[in-house]
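Sequence positions in the sequence shown follow my numbering and run 4 to 234.
Just so you know, even glycine gets a beta-carbon here, dropped at the ideal spot from N, CA and C.
This structure is a prediction, so every number in the text was calculated from the model and none was measured.
Below is one structure, written out as structure tokens; comments come after it.
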Amino acid sequence: MSRGKKYKNSLSTYDSTVEYGLDKAIDILHGFPKSNFDESVDITVNLGVDPRHADQLVRGMVSLPNGTGKKVKVVVISKDDDKNSKVKDIGAFDSGSKDLLDKISKGWLDFDVLIASPDMMSEVGKLGRVLGPRGLMPNPKTGTVTNDLEKAVSEIIAGKVEYRVDKSGIISVSVGRVSFEKDKIIENIKACIGAILKAKPSSVKGVYFKKFSISSTMSPGLKIDKSEFTN
Numbered sequence: 004m005s006r007g008k009k010y011k012n013s014l015s016t017y018d019s020t021v022e023y024g025l026d027k028a029i030d031i032l033h034g035f036p037k038s039n040f041d042e043s044v045d046i047t048v049n050l051g052v053d054p055r056h057a058d059q060l061v062r063g064m065v066s067l068p069n070g071t072g073k074k075v076k077v078v079v080i081s082k083d084d085d086k087n088s089k090v091k092d093i094g095a096f097d098s099g100s101k102d103l104l105d106k107i108s109k110g111w112l113d114f115d116v117l118i119a120s121p122d123m124m125s126e127v128g129k130l131g132r133v134l135g136p137r138g139l140m141p142n143p144k145t146g147t148v149t150n151d152l153e154k155a156v157s158e159i160i161a162g163k164v165e166y167r168v169d170k171s172g173i174i175s176v177s178v179g180r181v182s183f184e185k186d187k188i189i190e191n192i193k194a195c196i197g198a199i200l201k202a203k204p205s206s207v208k209g210v211y212f213k214k215f216s217i218s219s220t221m222s223p224g225l226k227i228d229k230s231e232f233t234n
């Protein structure tokens, strides 16, 4: 894969074989050549789990203390017209009932998070083939199937994000923006890693938290010394 000049310049500023402390890694990240947009800061965590087993599917939500720096499009599915109106007032991108489900079934997926009331899940479930592969299917474990729709919308807009292991045992999460101050990025990362560590399945044997790296949208990844989180 061909890489741009800025990416190659970034590679020359650090040692890719070294596991850096989080503080130093963010200093390096902040020193990389800047893009013409505010890149996201992303973490990638390799876990010692086997996602083929249902009891090792690590998944949940965590509130980032400093938010993500991204405007999140939240859509709500509910039969309650009053609730649909209220969630729009507090920032939901759209809300509705079967009319909105019909729109989604026809290919409209211009949103980041879908929240549904429990009584709508039988209908939402019919769109599993559309929503599932895109990570948009509401789930009680992530707080996106709930009767308290206003709270769920408020938390996600404020910076509550989902973490979910993929079939390779890897979790990738956006934890802020390059423009964030270092301390705010560190706080967000610690909150996210803390949640992932607490979510360790009891069935996992051996090393759970294997590797951890940080990058921005356009940058190479920096290996992080995971002992900061496991000691």
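Worksheet entry | 8 Å Cβ shell around M124 - same chain, five flanking residues per side excluded | P141 and V148
Fill in: Cα-Cα separation between G63 and K86, rounded to whole angstroms
If you draw a straight line from the Cα of G63 to the Cα of K86, it comes to about 25 Å.
Worksheet item: What separation, rounded to the nearest whole angstrom, lies between the Cα atoms of V127 and F40?
Response: Inter-residue distance for V127 and F40 is about 35 Å (C-alpha atoms, whole angstroms).
Worksheet item: For S206, which of N150, G72 and P54 has the nearest alpha-carbon?
Response: P54
Item to complete: Determine, using beta carbons only, whether L112 and R132 come nearer to each other than 8 Å.
Response: no
Worksheet item: Around the Cβ of K8, are there at least 16 other Cβ atoms within 10 angstroms (buried) or fewer (exposed)?
Response: The residue is exposed, with fewer than 16 neighbouring Cβ atoms inside 10 Å.
Worksheet item: Rounded to the nearest angstrom, how far is the Cβ of T47 from that of S175, given a contact under 8 Å?
Response: 5 Å
Practice prompt. Using 10 angstroms around the beta-carbon of V210, count the other beta-carbons present and answer buried if the total reaches 16, otherwise exposed.
Written response: V210 should be labelled exposed.
Practice prompt. Using only alpha-carbon positions, find the residue among I107, K73, P143 and R167 that is nearest to S182.
Written response: K73
Worksheet item: Which parts of the stretch 11-82 are runs of the beta strand (DSSP E), unbroken and 3 residues or longer, counting only runs that do not cross its ends?
Response: 43-50, 62-66 and 77-80
Worksheet item: In terms of DSSP beta bridges, what is S108 paired with?
Response: DSSP lists no partner for S108.
Worksheet item: Got a sec? Which residues, its chain only, sit under 8 Å from V21 by beta carbon, not counting five neighbours each side?
Response: Here the set comprises K226.
Worksheet item: Does the beta-carbon of A57 have 16 or more other beta-carbons within 10 angstroms, so that it is buried, or is it exposed?
Response: exposed
Item to complete: Could you tell me the distance, in whole angstroms, from the CA atom of D151 to the CA atom of F232?
Response: 33 Å
Item to complete: May I have a chain-ordered list of the beta strand (DSSP E) segments no shorter than 3 residues that lie completely inside the stretch 119-147?
Response: Complete beta strand (DSSP E) runs here, min 3: none at all.
Worksheet item: For the 8 Å Cβ check, are there 3 or more pairs between the stretch 104-118 and the stretch 67-83?
Response: Contact between the stretch 104-118 and the stretch 67-83 is present, because at least three Cβ pairs lie under 8 Å.
Practice prompt. Spatial neighbours of E165 within its chain, please: CB distance less than 6 Å, with the 5 preceding and 5 following residues excluded, ordered by chain position.
Written response: Taking E165 as the centre and dropping the five residues before and after it, the same chain places the C-beta of M64 and T145 closer than 6 Å to its C-beta, in chain order.
Worksheet item: Would the beta-carbon of I173 fall within 8 Å of that of L32?
Response: no
Worksheet item: Taking the C-alpha atoms as reference points, what is the distance between A198 and E184?
Response: 22 Å
Worksheet item: Looking only at DSSP bridge pairs, what is L117 linked to?
Response: V78
Discussion item. Tell me which residues share the same chain as D45 and place their Cβ nearer than 8 Å to its Cβ, disregarding the 5 neighbours each side in the sequence.
Written reply: S175, V176, S177, V178, I217, S218, S219 and T220
Worksheet item: Taking G51 as the reference, which of V156, A202 and T16 has the closest Cα?
Response: A202
Worksheet entry | Residues that DSSP places opposite Y166 in a beta bridge | G63
Worksheet item: What residue does the alpha helix (DSSP H) around G94 start on, and which one ends it?
Response: Unbroken run through G94: none, as it is neither H nor E.
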